[in-house]
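>
In full-length UniProt numbering, the protein residues as written are 1 to 487.
1) Report the residue from 415, 377 and 226 whose alpha carbon sits nearest the alpha carbon of residue 392.
2) Quick one: which unbroken beta strand (DSSP E) runs of 3-plus residues sit fully inside the region 338 to 390? Chain order, please.
3) Return the Cβ separation of residue 137 and residue 174 in integer angstroms, given the expectation that the two are a contact with Cβ distance under 8 Å.
4) Can you tell which of 396, 260 and 439 has the C-alpha that lies nearest to the C-alpha of residue 245?
5) Identify every run of the alpha helix (DSSP H) within the region 417 to 441, keeping only runs that are complete inside it and at least 4 residues long; order them along the chain.
6) For residue 203, count neighbouring Cβ atoms within 10 angstroms of its own Cβ and tell me buried if that reaches 16, exposed if not.
7) May I ask you to check if the CB of residue 72 is nearer than 6 Å to at least one heavy atom of the ligand GDP?
8) For residue 329, which residues of its own chain have a beta-carbon under 6 Å away from its beta-carbon, when the five flanking residues on both sides are left out?
9) Only counting the same chain, and skipping five residues up and downstream in sequence, which positions put a Cβ closer than 7 Å to that of residue 483?
10) If you follow the alpha helix (DSSP H) that residue 247 is in, where does it begin and where does it stop?
11) To the nearest angstrom, how far is the alpha carbon of residue 140 from that of residue 265?
12) Can you list, in chain order, the residues of its chain with a C-beta nearer than 8 Å to that of residue 233? Leave out the 5 residues immediately preceding and following it.
13) Quick check on the burial criterion: 16 or more other C-beta atoms within 10 angstroms. Buried or exposed for residue 480?
14) For residue 386 and residue 345, what's the separation of their Cα atoms in angstroms?
15) Drop a sphere of 10 angstroms on the beta-carbon of residue 198, count the other beta-carbons inside from all chains shown, and report buried for 16 or more, exposed for fewer.
16) Using C-beta distances below 8 Å, list every residue in its chain close to residue 48, excluding the 5 sequence neighbours before and after it, in chain order.
17) Tell me whether residue 353 is buried or exposed, calling it buried when 16 or more other Cβ atoms sit within 10 Å of its Cβ.
18) Roughly how many whole angstroms lie between the Cα atoms of residue 364 and residue 442?
19) Quick one: residues in its chain with C-beta nearer than 7 Å to the C-beta of residue 375, no 5 flanking neighbours on either side, listed in chain order?
20) In whole angstroms, give me the CA-to-CA distance for residue 389 and residue 477.
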């Protein structure tokens, strides 16, 4: 597991990384079960019976766009575990930045170990991660609960975890401090490289991207004690980057002509009140918080980390697959670091169906049927949620005021809207071991906002890209080369 290093606050975060960072929202245990009476259907939290459907009665509705000659057919899978460390919270630093428990429902996290309401680019980059390859990206989604006292719910549910509240508070305090501090801000490199870097050049390019990542991290450490940041930190960093970028240009050769990589060497010091070199989106997160009552907080109960209408035992997925895929019509470009991406709509009842996605299915049906209702699967089949993220980027912004306009979903034929560039499409597949009896009794639900009443159509998923330049380069190279890679 990757760990962060640095000054005194980072050593404290390292403790978070090594000790089941958990949630964080409650002091009590996680396994106390809740029942609502003898009628099994009555225990289905807020879900209505009509929100469940036998998947075998639904006609096939999944249609895949056909691959064209220039399709990028590869896949890149990241192993970040199943949240074995118990990182839960009711925050959303993308859609509800700075608001503790603003989501009103619990999120399941993998990847970044410190993601919380106050997370920002600096705190995310300093965090540890559950991803085996060192990817510090944050991947998170609402939890699924079973509201019954059967043995399976206990076996697959969460376990008692003392001290999570303290760890959560420490992570949030660190992030709040770092949000007010200056940080090193540099141009993104991976997203500016040619789509087809020659195989012979790839090792040299990857090595220099590693060097660029290391140079930036070292500069960040020097920034704390620098009396003259421009001279002591920025100037030498820019010189180092020029040298690495020149080596990349030489390695890429003909493919790189037309791009002056030297212009990407520029770094600066980003203060909380300015856009820095890149205007990388930290301040965009403040747009959605205007007029929001930050004092309105939803405290979870001591049992099962229950919040508001969301009742029952949390079910961790038995399988989490994070896979990046290509475009059926073209090669893909790298997505820039710190890009935020949402899929689905947590408030579909209020906002309407425009951004909602059908994500529910059963194993064996995932390429045939997707639902906006809870599936009842045939014997031997498991409940699944499949979230496909937007993958057409405007080529400039890593965030937008509504957190959607900068990156949108592909058209039905797989192409991107005019003015948008294809980037790797993230697919998060979640598989749950929920017994058929529980399904038939309608005893499993998705955490949601109160007005959604556990509506399965309100399912959603969030991603913040905190991959190093080097990892992102490998990802794009793999996809565009048509390979199947796993890290």
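Note that CB positions come from ideal geometry on N, CA and C, so glycine has one too.
On the basis of the supplied data:
1) In the chain shown, residue 392 corresponds to position 392, counting from 1. Here the closest residue by C-alpha is 415.
2) 340 to 344, 360 to 362, 374 to 376 and 383 to 388
3) Stepping through the chain shown from its first residue, residue 137 is reached at position 137. Stepping through the chain shown from its first residue, residue 174 is reached at position 174. Rounded, the Cβ-Cβ distance is 19 Å, inconsistent with contact.
4) What you label residue 245 is simply residue 245 of the chain shown in a count that begins at 1. The shortest Cα separation from residue 245 among 396, 260 and 439 belongs to 260.
5) 436 to 440
6) Numbered from 1 along the chain shown, position 203 holds the residue referred to as residue 203. For residue 203, the number of other beta carbons within 10 angstroms of its own is below 16, and it is reported as exposed.
7) Only the bare structure without any ligand can be found here, which leaves the ligand GDP out of the picture.
8) As a first step, residue 329 is located in the chain shown; it is residue number 329 there, counting from the start. Cβ within range, chain order: 68, 414 and 415.
9) As a working note, residue 483 is residue 483 in the chain shown. Excluding sequence neighbours, residue 483 sits near 74.
10) Numbered from 1 along the chain shown, position 247 holds the residue referred to as residue 247. Residues 235 to 252.
11) Position 140 of the chain shown, counting from 1, holds the residue named residue 140. Position 265 of the chain shown, counting from 1, holds the residue named residue 265. Going by the C-alpha atoms only, they are around 33 Å apart.
12) Looking up residue 233 in the chain shown gives position 233. Excluding sequence neighbours, residue 233 sits near 184, 219, 222, 223, 226 and 269.
13) Sequence index remark: in the chain shown, residue 480 carries index 480 (1-based). It counts as buried.
14) For the purposes of this step, residue 386 is taken as residue 386 along the chain shown, with counting starting at 1. For the purposes of this step, residue 345 is taken as residue 345 along the chain shown, with counting starting at 1. If I take the Cα positions, the gap works out to 14 Å.
15) Locating residue 198 in the chain shown gives position 198, where the first residue counts as 1. Result: exposed.
16) Numbered from 1 along the chain shown, position 48 holds the residue referred to as residue 48. Excluding positions up to five away in sequence, the list reads 453.
17) Taking the first residue of the chain shown as position 1, residue 353 is located at position 353. Residue 353 is exposed by the Cβ-count criterion.
18) To locate residue 364, count along the chain shown from 1; it is residue 364. To locate residue 442, count along the chain shown from 1; it is residue 442. If you take the alpha carbons of residue 364 and residue 442, they lie about 21 Å apart.
19) In the chain shown, the residue the question calls residue 375 occupies position 375. So the list reads 53, 55, 360, 361, 362 and 383, once near-sequence residues are dropped.
20) Position 389 of the chain shown, counted from the first residue, corresponds to residue 389. Position 477 of the chain shown, counted from the first residue, corresponds to residue 477. Going by the C-alpha atoms only, they are around 20 Å apart.
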